[in-house]
Structure formats: C-alpha cells, structure tokens
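**Student:** full-length UniProt numbering puts the first residue of the sequence shown at 1, with every later residue one more than the last. Glycine included, every Cβ here is placed at the ideal spot set by N, Cα and C. Structure below; questions to follow.
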Amino acid sequence: MINMFTDSFKDFYSKFKASLADGTFAKLTFAKTIGNTELKNIYIRPIIDEDILKLELKFRFQKEELFEIYTIEKAFDRLLPFINNPFLSVILFTTEFDLTYKLNKKRIVNLSDQHPTFGNANEVLLEYLSNQK
1 MINMFTDSFK
11 DFYSKFKASL
21 ADGTFAKLTF
31 AKTIGNTELK
41 NIYIRPIIDE
51 DILKLELKFR
61 FQKEELFEIY
71 TIEKAFDRLL
81 PFINNPFLSV
91 ILFTTEFDLT
101 YKLNKKRIVN
111 LSDQHPTFGN
121 ANEVLLEYLS
131 NQK
C-alpha cells in the first residue's frame, strides 16, 4: 500500500538525515496520537553498532517499551506507516531549530520550525562524527 504521506515525510526525513550528517541532531520524537492508543510515542536516537551509525527506535506503549535497531535508510520504511496511524506529529530537535511535521484535521501536512529546545547535539552522534575524522 502506498502511503499518502511518503513524499512529505521523505522531505522531513531528509532534514533529519542532514542534522545527523552535520552534527546538529538532538532528538526525534513521534507524538500526539489519534485517540487513546496503546502506542504512546516513538523516540529515535542514534547508536553506534559495529562502527556504523544506526538508529534505535524506542516504541513506548502504555505498559511496556520495545526497542528496534535499523540503519538510517531502513528506519524510514519502519517509521512511515505510523504517520496518521496513530501519530499526527513528529518533532525533530536540532541545535539550530526544532522542526515539527504536523497533520491537521483534514490530514494536510504542515511543517513549522521554531527556536531550538536543545543547546547540545546528541552525544553518541558527536562521538561518532569525531571518530570519523
């Protein structure tokens, strides 16, 4: 099934990947669910696995947490189905800006940026980037 949000989320995800590449990434969070769902949030953070930068996806349910590890490219396919089912917003936190991917009631995508919440980038990412030089 083709997801109607693929293109808009791909644009958002490219900004996420850019923040990983330039060392400004702080946090990525799927939030604001539709109704009272079992899955409450998805938190994405970089990890180093066998000297490769990968992503740990933490699925926070009402009664448990599950962790999955993906390459940066494969994580996109894992996360895309959660747009609009059940999440209406995804927030990218960087040291330069916070970018919100939000669906309104008519399921129209709105991207908005704000001043950064975090002053420091993710420590694992910074360690990885410093070891690549």
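1. Report the CB separation of Thr33 from Pro86 in whole angstroms; it is logged as a contact under 8 Å.
2. Can you tell me whether DSSP reads Met1 as helix, strand or coil?
3. Looking at the structure shown, is Phe9 part of a helix, part of a strand, or coil, going by DSSP?
4. In this structure, how does DSSP classify Asp77 when only helix, strand and coil are distinguished?
5. Closer than 8 Å is the cut-off here; do at least three beta carbon pairs connect the region 94-103 with the region 1-21?
6. When we look at the beta-carbon of Thr71 and count the other beta-carbons within 10 Å, is it buried (16 or more) or exposed?
7. Quick check on DSSP: helix, strand or coil for Glu96?
8. Which of the three DSSP states is assigned to Ala121 in this structure?
9. Report the start-end ranges of each alpha helix (DSSP H) in the region 37-80 that is 4 residues or longer and not cut off at the edges.
10. Skipping 5 residues on each side, what residues in its chain have a beta carbon closer than 8 Å to that of Met1?
11. Is Lys106 closer than 7 Å to Ser89 when the C-beta atoms are compared?
12. May I have the straight-line CA-CA distance separating Glu65 from Gln132, to the nearest angstrom?
**Tutor:** The short version:
1. 4 Å
2. Because Met1 carries a pLDDT of 46, less than 50, the predicted location of this residue cannot be relied on, and the following value inherits that uncertainty. DSSP places Met1 in coil when its eight states are reduced to three.
3. helix
4. helix
5. yes
6. exposed
7. coil
8. coil
9. 72-79
10. Low per-residue confidence applies at Met1: pLDDT is 46, beneath 50, and the placement is therefore not dependable, though the value from the model is reported in the following sentence. Same-chain partners within the cutoff: there are none.
11. no
12. 32 Å
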